[in-house]
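Line order of the protein sequences matches chains H and G.
Under this note's numbering, read the first sequence as residues 40 to 467, first letter to last.
Under this note's numbering, read the second sequence as residues 433 to 668, first letter to last.
Worksheet for the structure shown next.
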Amino acid sequence: MTATERASGVPDPIDLDRAEEARLRTAAGLNAPSQQRHGEYAGFEDIGLPDRPPQTEREAEVYSLDEGEMLLNMGPQHPSTHGVMRLVVKLRGEVIVDIDPVLGYLHRGIEKLCENATYTTVLTYVDPMDYLSAMHNEYAPAIAFEKLYGIETPRRAEYIRALVVELERVSSHGLMMGFLALDMGGLTPILYAFINRDEVVDLLSAISGQRMLYNFFRVGGVNFDVNDEFLSRLGTWRSQVLKNIEMNEHLITDNEIFRGRTIGMGVLSGRDAIALGVTGPNLRASGVAFDVRKAHPYSIYRDLEFDVITQESGDVYARYLQRIAEIKQSIHLIDQIIDRMPHGPVQAQVPGIVRPRPGRAYAAVESPRGLYSVYAISDGGPTPYRFRMRDPSFISLQALPKLMPGHLVADTMAVMASFDPVMGGVDK
Amino acid sequence: MEHLRRPRPAAHPLGRGRSLTTPVAVGPLVRLLTERLGARARDLWTDEDAVEIQVDGQDNVEVLRTVRDDPDLEFFFLTDAGAVDYGIDAHFEVVYHLFSWKHPAWLRVRARVQRDDPRIPTVTDLWEGAMFHEREMYDMMGIVFEGNRDLRRIYMSPDYRSFPQRRDFVLPDDAADSAAAGVNPLERPETWDLGRLRHAAGATFAPAEFRADAPAEGPHDGAQDGETAADKSRPR
């Protein structure tokens, strides 16, 4: 009988919860909960330490503490983790010794779902993966399935596809600028970033009918042609976007505090970035000029003029500058696409349910977070036999344990925000 | 309606034809691969923008090191590594996709893994970034990467016991009818009604040593370390 119960005659709800937990665990065939007696701050003494022996060498390394070290859980519900993710941080004072990302809180099994959906339906399942760039998520499967089907996409559809993904890139990179400042305590830039994003979202909503999960791509084309509302909004947006971005840029780029906290922080060398599989703006900020749009040109990118921009230093500040440069380049690409867009149909004739010949197809696109690729296998049936997705932010997270040791706890958020991960994509 | 009458594009000699990705010249790459890898690379096959080879599971590190370090090949970037389950009576495959500046095609290396002993050497020594790929493959398919120093589950919880992306994994629709319905059905493979699976007899859900009910390793019949049966029968 606890103190509460003795005083009031009412059972302590914590004790009731523990009894219920023990009953449920027994019913499910799991081990009984640990019978450790908790003190006044129940559970505080064993935060982060798993109640089982370590499974691997690396886990033993992270979860064993030397004198003066402690473990700290960041997340899973943390405003700066960009979704639901837990970072187990090993600390010595305020200095990070080691870091272990724990994923899977948002795992929905999209790959398995896609194995049970027809090829057309797959394009609706991949939207909520990387929800800040849903158009890119649909792009790679569409290309892969067109390879399997052996069909040709109309020229105009290719231009519309490139147009919407570049719009999406502007919005996503603009948000990254805001979130990076937000995670370091600057609240204003995110508000300006959302003004810009809202305009892009309205644009894409005008062409696709949805604000976030567009379901716009079809195998062999796109769902809708551009309409008057889209074109008029695009004109307004184009006249204002650079002003918006530059306003935000002036707010952040030369800010003394921002520079002090980002320059020389979390430096990732090009060699390490390649070994770790980091792609996209994060890789280019480390000086490696790898861009899928140039390296393996898909769609119409072979015909468009653009450079692969790189930075030299590979720190948080370089990753931020890289985003700004890419926004401007995307706007340059959008101008070219609008100028050259041909007339014609936007959808090839494709039956609703197709049984493509058995085969394999690999398609990669450059998403705002890096190389997003799809490997699809057909066995001749109406659904893919295997549908494999490689999400760039999932792989980029591996850089955290490499970069963080030696930095302060508060810098974790800056480094993580500079990689711009989206947990919907990380956890698939 | 012009586009409706457009004839299907003619098949490209290298694979099925399409115009989205311009077919690239893969001839030099095919020749180099045959020359450098010899008998280790089987079933060479080309797509319009990819070249594919199949290797034995145990050869994967050697083959990948060759294509990465050879100055004429230089496939320095591992863009993807994923596993494929070809069914209960077949095998697993670990599929690596590689990129090189010197060749305008993706290189796809398919390494075969036996289903009853799903082990393959790790490639984390070549690319550190293969770690999360391998953890995901272990989590989803149950493929064990020998030499990987952090082979934990990455998406599912650590006490999860089956491998959800295998072809014989029972989907919730099936599990809802089973005896264990209501109590975490997907986490209790021993209660699944496997009779409805086509190949129920051969169904395996975990390598034997990962099962909770597996006998612990090592001699436990009173023998000491290093003893054989013959030693034990000898009088002490």
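Idealized CB from N, CA, C, for every residue including glycine.
Note that the structure is a prediction, hence the values are computed from the model and not measured.
Under 9 Å between C-beta atoms, does residue i make it to chain G?
i	result
H175 (chain H)	no
A61 (chain H)	no
E108 (chain H)	no
T318 (chain H)	yes
G132 (chain H)	no
I434 (chain H)	yes
A21 (chain H)	Since the displayed chain H opens at 40 and closes at 467, residue 21 (chain H) lies outside it and no answer follows.
D137 (chain H)	no
I348 (chain H)	no
V461 (chain H)	no
H146 (chain H)	yes
R394 (chain H)	no
K129 (chain H)	no
Report yes if the C-beta distance between residue i and residue j is below 9 Å; otherwise report no.
i	j	result
I313 (chain H)	V327 (chain H)	yes
V32 (chain H)	M251 (chain H)	With chain H covering only 40 through 467, there is no way to say anything about residue 32 (chain H).
Y356 (chain H)	M304 (chain H)	yes
R277 (chain H)	P320 (chain H)	no
A179 (chain H)	I376 (chain H)	no
H117 (chain H)	M124 (chain H)	yes
V101 (chain H)	D54 (chain H)	no
L322 (chain H)	G409 (chain H)	yes
A519 (chain G)	Y414 (chain H)	The sequence shown places Gly at residue 519 (chain G), rather than the Ala named in the question. In this structure, Y414 (chain H) does not lie closer than 9 Å to G519 (chain G) by Cβ.
V682 (chain G)	I416 (chain H)	Shown here, chain G extends from 433 to 668; a query on residue 682 (chain G) therefore has no answer.
Y401 (chain H)	A482 (chain G)	yes
M467 (chain H)	G224 (chain H)	Checking the sequence shown, residue 467 (chain H) turns out to be Lys, not Met. For K467 (chain H) and G224 (chain H), no; Cβs fall outside 9 Å.
V487 (chain G)	A543 (chain G)	yes
V526 (chain G)	N492 (chain G)	yes
P397 (chain H)	R208 (chain H)	no
Check each candidate in the options and name the one with the smallest Cα separation from residue i.
i	options	result
L152 (chain H)	G:D504, G:Q597, G:L558 and G:G579	G:Q597
Y158 (chain H)	H:D374, H:D430, H:G259 and H:Q386	H:G259
H175 (chain H)	H:Y231, H:G189 and H:I199	H:I199
S271 (chain H)	H:T292, H:L242, H:N287 and H:V280	H:L242
D557 (chain G)	G:D481, G:D549 and G:R581	G:R581
E405 (chain H)	H:Y340, H:S103 and H:L142	H:Y340
F184 (chain H)	H:H212, H:V393 and H:G225	H:V393
R474 (chain G)	G:D591, G:Y592, G:V541 and G:G574	G:V541
E98 (chain H)	H:R64, H:G114 and H:V141	H:V141
Mind checking if residue i is an interface residue toward chain H, Cβ cutoff 9 Å exclusive?
i	result
I575 (chain G)	no
Q597 (chain G)	yes
V527 (chain G)	yes
V495 (chain G)	no
P553 (chain G)	no
R474 (chain G)	no
V541 (chain G)	no
I586 (chain G)	yes
F509 (chain G)	yes
F531 (chain G)	yes
R581 (chain G)	yes
E560 (chain G)	yes
F601 (chain G)	yes
A457 (chain G)	no
D502 (chain G)	no
May I ask you to report which of helix, strand or coil DSSP gives residue i?
i	result
K534 (chain G)	coil
R310 (chain H)	helix
G409 (chain H)	strand
K129 (chain H)	strand
A400 (chain H)	strand
S210 (chain H)	helix
M113 (chain H)	strand
L55 (chain H)	helix
W559 (chain G)	coil
M40 (chain H)	Only weak support exists for where M40 (chain H) lies, its pLDDT of 49 falling under 50; the value from the coordinates is given anyway. Coil at M40 (chain H), not helix or strand.
L315 (chain H)	helix
R64 (chain H)	helix
V389 (chain H)	coil
A515 (chain G)	strand
F297 (chain H)	helix
Q597 (chain G)	coil
Q490 (chain G)	helix
F507 (chain G)	coil
Quick one: is residue i near chain B, going by C-beta distance under 9 Å?
i	result
T160 (chain H)	Included in the structure are the protein chains H and G, with no chain B among them.
Are the segment 450–464 of chain H and the segment 292–308 of chain H touching, with three or more C-beta to C-beta distances below 8 Å?
Touching, yes, given that three or more Cβ pairs across the two stretches are closer than 8 Å.
Using a Cβ distance threshold of 8 Å, determine whether the segment 387–396 of chain H contacts the segment 185–194 of chain H, with at least three qualifying pairs required.
Here the segment 387–396 of chain H makes contact with the segment 185–194 of chain H; the two share three or more CB pairs at distances below 8 Å.
Is there contact here, the segment 127–141 of chain H with the segment 430–444 of chain H, by at least three beta-carbon pairs under 8 Å?
Segments in contact, yes.
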